[in-house]
Amino acid sequence: MVVSIALSDSAEILAVLPGLTEFLDNLGYQAAGMLIVLGALGGLWLAVSTLGRILRFASGLRAPAAVPTKPTLSATPTPAGELDPCIVAAISAAIHVTLKQRFQIISIQTENPQTPPWSQEGRREIYQSHRVR
Amino acid sequence: MYDNLVNFLHLTAFTLVTWKMLVMWVVVLVLFYLAVFKEFEPLLLVPIAFGALIANLPTQGVVNQAPGPVLAPFDGTVVAWHVRVGDEVTEGMKLATLAPSRSNSRDHPVLVATSHGKLIAISVTEGASVLEGQTLLQIFSNEPGGLYYYLSKGIQWELFPPLIFLGVGALTDFGPLIARPITLLLGGAAQLGVAMTFLGAALLGFNHGEAASIGIIGGADGPTAIFTANKLAPHLLSAIAVAAYSYMSLVPLIQPPIMRLLTTRKERLIRMKSLRPVSKLERLLFAVVVAIVCILLVPAASALIAMLMLGNFLRECGVTDRLVKASQNEIINVITIFLGTSVGMTMTGDAFLRAETLKIIGLGVVAFGISTAGGVLMAKFLNLFLRNDRINPLIGSAGVSAVPMAARVSHVEGQKADSGNYLLMHAMGPNVAGVIGTAVIAGYYIATLGGH
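Taken in order, these protein sequences are the chains called A and B. All the letters of the first sequence, read from the start, carry residue numbers 30 to 162 under the numbering used here. All the letters of the second sequence, read from the start, carry residue numbers 2 to 453 under the numbering used here.
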C-alpha cells in the first residue's frame, strides 16, 4: 500500500515537471559516461601496473648478481670540508664560458648530500630561471 | 581624374562594413590585448584573433567558396528564386528564399552566394521541397576558392586536431604517469566538470550535441574541444574554441581558490615519494596499450588517440629523431597557425554575436571549476585507501588537461604550503591522464550522439 502511494506521488511529480524526466535521463547518460571514463582509465591503471611489475621482475631475473668490490680510494683524497680542485676548475670554466669577462669566485656552497633529488631539481629550476646580469 | 577617383571608390569595400563587423573588431582588440599584453595562450589566441579580424572584413579571395554545387542548408521548401540561369553571381548575392520545415533560429531563410561565377543550372523549381544537402544550383568559374576555404577544410575534415595531437604526443613525457599509474584515476575524475556542464547546458536549452561540445571545455583540451564541436555542434565552434583557450590561460586564476577550499593545510603538506625510473620498454608498451584499449573502447576518438600515441611512440623509441623534432616543432607550429586562424575565421558577427556565446563562456568557467574539484576530491578519496604513499590532493586539479599549466599550478600551490615540496613531476601524471580522459569522454559523446 505504501509503495503504491509513493509510485503515484512520483508519477504526479513527473507529470507536473516534464523537464525532470529529461534531466534524469541526462543524469543517467552522464553517469554512464563517467563510468566509462573511470573504467577505461582504471583498466589502464591495472594494465600499466601489471606490465610494470612484470618488466621489473623480468629485468631482475636478467641482471647478473652484483660482484662485491673493494671500495677504491681517490688518488688525492680531499680533506673534509674542502672542495675537490677539479670541481672548482669545472665551475670556473662554466662561469668563464657564461660571463665572458673577468670574475672572482667569492664562495662555493655545497648541497647537503641528504637533500632529496626533488628539492635539488627545484633548486636547479629556480636558478635556471634567473637572468644573468 | 575625378571620374577615375569615383570609379575607384566604388571598387573599395568601405560601404560593405556592417555594425556587426565593427563590434567584432572590438572583440578582436580584446583578444589581441589578452594574447599580446597579458600573454593568455598567445600561440593560439593571436592566430584566432587575427582570423576573426579577417572574417569580419569584406575580403576577396580569402574565405569565398570554390564555385560548384550549392546545397540546401536544411530541410524545407524553395519559396522563390532571385537569380536565373546565365546570371553572373557574386559573393553575398541573394540566391533564393527558403522556408525551413522545422522552426530553428539558426536556419536563415535567405540563401546567399558564397562563391562567384556563372549560374549554369537550377535543379529545383519554386515551391518544391528539398532535403538538407540536396543540390539546388550550380555555379561555374575558372577561379578557385579563397585561401581559407581550403585551409578550413582542416577543421571540417578533422585533420588539424589529430595532427596537433601528434605533436602533443611527441612533446609529452608519460613517465610520471607510468611510474604512478593510479594518477590515471585523477585524470578520469577531472572529467566530472564535462559531465556536470552537459547537464547545465541542457537545462539552459542547448541540445545534446551542443551540451556535449560545451561540456568538453571543462576538459581543458583545445584540440579535443574543437574536434567534438566540429562533429556535434559546428555552429558553436568559434565560441567553444575561444572559451576553451581563454580559460586554459586562466587556469592559474580559476584553480587555486577551489584547491584551497577543498583541502586542509595538513593535506597540502603531504610529501609524495620520488617516482621510480621508467624503462624504455615500459614507455613503448604504454603507448601501444593505451592506443589499443582506448580505440577499442571509443572508436569515435580513434583519430585523436592514435595520433597522440603515434607521436609518443616516435618520441620514446629513440630511433626517429628527425620525425620527433618535426612533430614537436614544424608540424605542430604550422598546424597551430592554420588551426587558430581557421577557428578565428568562423567568428563572424552573425555566428558570434549571440546570447548563446555568453552562455557558453559562463558554462565554460563552471566546467573548469567542477573539473578541478573532481580531481582534488578523487585524490582525497584515494587517500582513504592509501597508507604508505599518500597523494597530495593538490595534484588532483592537474587532471584537467591544460598541459603543463595545470601541473605548474599544483606545484606552486604545494610550495605555498611547504617551500621544500616539489609536486611538479607528480602532477604531470594526472595532467597527461587528463588528455586521455578527455579524449575518451569526447569519444563517448561522439559515438552516442551520432556525430558521424
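In this text, a Cβ means the ideal position worked out from N, Cα and C, and glycines have one as well. Here the structure is a predicted model, which means the values were calculated and not measured.
What do you reckon, are the CB atoms on residue i and residue j nearer than 7 Å?
i, j, result
"B/Ile241", "B/Ala226", "yes"
"B/Gly415", "B/Gly376", "no"
"B/Ala73", "B/Glu133", "yes"
"B/Ala418", "B/Arg269", "yes"
"B/Val71", "B/Leu138", "yes"
"B/Leu1", "B/Phe166", "As shown, chain B starts at 2 and ends at 453. That puts residue 1 of chain B outside it, with no answer to give."
"B/Gly341", "B/Pro48", "yes"
"B/Ala245", "B/Gly444", "no"
"B/Arg181", "B/Gly430", "yes"
"B/Glu331", "B/Arg284", "no"
"B/Gly146", "B/Asn231", "no"
"B/Ser402", "B/Ala221", "yes"
"B/Ala380", "B/Ile371", "no"
"A/Ser148", "B/Gly421", "yes"
"B/His117", "B/Glu92", "yes"
"B/Met426", "B/Val252", "no"
When you compare only the Cα positions, how much space is there between residue i and residue j?
i, j, result
"A/Thr127", "A/Thr139", "20 Å"
"B/Val111", "B/Ala129", "16 Å"
"A/Ala69", "B/Tyr151", "37 Å"
"B/Gly219", "A/Gly71", "20 Å"
"B/Ile183", "B/Ala191", "14 Å"
"B/Ala345", "B/Gly210", "In the sequence as displayed, the identity of residue 345 of chain B is Gly instead of Ala. Rounded to whole angstroms, B/Gly345 to B/Gly210 spans 21 Å at the Cα level."
"B/Leu424", "B/Leu311", "28 Å"
"A/Ala104", "A/Ala118", "Low confidence applies to A/Ala104: its pLDDT is 48, below 50, so where it sits in the model is not reliable, and the reading given next is rough at best. Cα to Cα, the separation comes out at about 18 Å."
"B/Leu172", "B/Ile333", "10 Å"
"B/Val366", "B/Ala203", "16 Å"
"B/Arg266", "B/Leu186", "23 Å"
"B/Gly168", "B/Trp82", "48 Å"
"B/Ala56", "B/Thr13", "17 Å"
"B/Ile156", "B/Asp322", "28 Å"
"A/Asp113", "A/Ile120", "11 Å"
"A/Ile124", "A/Glu154", "18 Å"
Using beta carbons (cut-off 7 Å, strictly below), is residue i in contact with chain A?
i, result
"B/Glu40", "no"
"B/Ile454", "Nothing in the structure corresponds to residue 454 of chain B, since chain B is present only between 2 and 453."
"B/Gly438", "yes"
"B/Ala196", "yes"
"B/Val290", "yes"
"B/Glu268", "no"
"B/Glu283", "yes"
"B/Leu309", "no"
"B/Gly176", "no"
"B/Gln192", "yes"
"B/Gly189", "yes"
"B/Leu185", "yes"
"B/Pro253", "no"
"B/Ile179", "yes"
"B/Pro74", "no"
"B/Pro182", "yes"
Run through chain B and tell me which residues come within less than 9 Å of residue i, C-beta to C-beta.
i, result
"A/Phe52", "Leu200, Ala203, Leu204"
"A/Leu49", "Going along chain B, no residue has its Cβ under 9 Å from A/Leu49, so there is no contact; the nearest lies around 11 Å."
Run through chain B and tell me which residues come within less than 8 Å of residue i, C-beta to C-beta.
i, result
"A/Ile65", "Leu298, Val299, Val441, Ile442, Tyr445"
"A/Gln59", "Ala196, Met197, Phe199, Leu200"
"A/Val117", "Ordered by position in chain B, no residue passes the 8 Å Cβ test against A/Val117, which lies about 28 Å from the chain."
"A/Ser121", "Neighbours of A/Ser121 on chain B: none; closest Cβ ~30 Å, over 8 Å."
"A/Leu80", "Glu283, Leu286, Phe287, Val290"
Across which residues does DSSP place residue i in a beta bridge pair?
i, result
"B/Ile396", "Answer is none; B/Ile396 lacks a bridge partner."
"B/Gln139", "B/Pro70, B/Ala122"
"B/Pro101", "B/Gly77"
"B/Gly112", "According to the sequence provided, residue 112 of chain B is Leu. The question's Gly does not apply to it. Paired residue(s): B/Ala97."
"B/Trp82", "B/Ala97"
"B/Ser130", "B/Thr78"
"B/Val90", "B/Gly118"
Name the chain A residues that come within less than 7 Å of residue i, Cβ to Cβ?
i, result
"B/Cys295", "Ala69"
"B/Tyr423", "Trp147, Ser148, Glu150, Gly151"
"B/Ser328", "The premise fails here: B/Ser328 is roughly 23 Å from chain A at the closest Cβ pair, so nothing lies under 7 Å."
Taking 7 Å as the CB-CB limit, is residue i close to chain B?
i, result
"A/Gly89", "no"
"A/Leu84", "yes"
"A/Ala104", "Annotation note: pLDDT 48 at A/Ala104 (below 50); position unreliable, no value reported."
"A/Val77", "yes"
"A/Leu73", "yes"
"A/Pro100", "Summary for A/Pro100: the model assigns pLDDT 48, below 50, so the residue's position carries little reliability, and this model does not support an answer."
Along chain A, which residues have their Cβ under 8 Å away from the Cβ of residue i?
i, result
"B/Pro405", "Under the 8 Å cutoff, chain A gives no residues; its nearest Cβ is about 13 Å from B/Pro405."
"B/Ala434", "Leu70"
"B/Ser402", "Ordered by position in chain A, no residue passes the 8 Å Cβ test against B/Ser402, which lies about 13 Å from the chain."
Kindly list, in the order they appear in chain B, the residues whose Cβ is closer than 7 Å to that of residue i.
i, result
"A/Leu56", "Leu200"
If you measure from the CB of residue i, is any heavy atom of the ligand COA nearer than 6 Å?
i, result
"B/Ile361", "In the structure on display, the ligand COA does not appear, and there are no ligands present to speak of."
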